[in-house]
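Take a look at the structure below.
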Amino acid sequence: MSQKQQNPWIEGFQTIGLSIALALGIRQFVAEARYIPSESMKPTLQINDRLVIEKLSYRFQEPQRGDIVVFWPPSEIVPGGKKRDAFIKRIVGLPGDTIEVTEGTVLVNGEVQDESYIQTPPTYEQDPLTIPADSYFVLGDNRNASYDSHAWEIEKPFVPEDQIIGKAVVRFWPLTRLGGLD
2 MSQKQQNPWI EGFQTIGLSI ALALGIRQFV AEARYIPSES MKPTLQINDR LVIEKLSYRF
62 QEPQRGDIVV FWPPSEIVPG GKKRDAFIKR IVGLPGDTIE VTEGTVLVNG EVQDESYIQT
122 PPTYEQDPLT IPADSYFVLG DNRNASYDSH AWEIEKPFVP EDQIIGKAVV RFWPLTRLGG
182 LD
């Protein structure tokens, strides 16, 4: 019984096509790499850090306070309606929470938050805001140099859940800072 030999060109194109489809599928639905372009998340993240953003966990559970997330910012804050770059910030407020920043302290539902990860305490004030359902209040760890929920001059400075791309889970570059994120 003879077995028909497949053309090596066709076999090569099939392999390349399958590889591309798998790579795009993984990037779209499972995980992707991102880099940090600004100092808004210092000291946790430095400029040019490379991260893995995983996209699966929020399909099964809600984002949690303290998660570092990548998201599409509200279209109202993008000048001239240009293409938006994704932002990376820390979730500070969950749906239903009341957020306030006063005297260098973040309060969530009236309770002072332990934020040992921030660069310096905030030098701004934030009047109490209640976060709507399916939305989050986000701040950079470099509170005074971050364009985040406190600085967005829009009526609802929140990130809708459907605009969250994924959760930052591990830094893979530079190698000297390789590891998980808190």
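The sequence shown begins at 2 in the working numbering and counts up one residue at a time.
We put the beta carbon where it would ideally sit given N, CA and C, even for glycine.
* Leaving out the 5 sequence neighbours to the left and right, which residues in its chain are closer than 8 Å to glutamate 112 when beta-carbon positions are compared? -> none
* At what residues does the beta strand (DSSP E) containing leucine 94 begin and finish? -> The sequence shown places glycine at residue 94, rather than the leucine named in the question. From DSSP, the beta strand (DSSP E) with glycine 94 extends over 88-94.
* To do: Assess, as a yes-or-no matter, whether the segment 56-72 is touched by the segment 87-99 under the definition of 3 or more beta carbon pairs within less than 8 Å.
  => yes
* Asked: Is it true that the segment 137-151 meets the segment 166-177, where meeting means three or more beta-carbon pairs spaced less than 8 Å apart?
  -> no
* With threonine 124 as the anchor, note down where its beta strand (DSSP E) starts and where it stops. => Here threonine 124 belongs to no beta strand (DSSP E), and DSSP marks it neither H nor E.
* Asked: Between the segment 119-126 and the segment 135-148, do at least 3 Cβ pairs fall closer than 8 Å?
  -> yes
* Those residues which DSSP pairs with alanine 34 across a bridge -> Val53
* Could you spell out where the beta strand (DSSP E) holding threonine 103 opens and where it closes? => 99-103
* To do: Drop a sphere of 10 angstroms on the beta-carbon of leucine 176, count the other beta-carbons inside from all chains shown, and report buried for 16 or more, exposed for fewer.
  => exposed
* Same chain, Cβ closer than 8 Å to glycine 105, neighbours up to 5 away in sequence not counted -> Pro122, Pro123, Thr124
* Of the residues Trp10, Ile37, Pro75, Val71, which one's Cα is nearest the Cα of glycine 155? -> A small correction: the amino acid at residue 155 is isoleucine; glycine does not occupy that position in the sequence shown. Out of Trp10, Ile37, Pro75, Val71, Pro75 has the C-alpha closest to the C-alpha of isoleucine 155.
* Among residues of its own chain, excluding the 5 on either side of isoleucine 48, which ones have a beta-carbon nearer than 8 Å to its beta-carbon? -> Ile37, Pro38, Ser39, Glu40
* Asked: From the DSSP output, which residues share a beta bridge with glutamate 112?
  -> Val109
* Below 8 Å between beta carbons: does that hold for aspartate 50 and arginine 178? -> yes
* To do: Round the Cβ separation of methionine 42 and glycine 141 to the nearest angstrom and send it over; I've been treating them as touching at under 8 Å.
  => 5 Å
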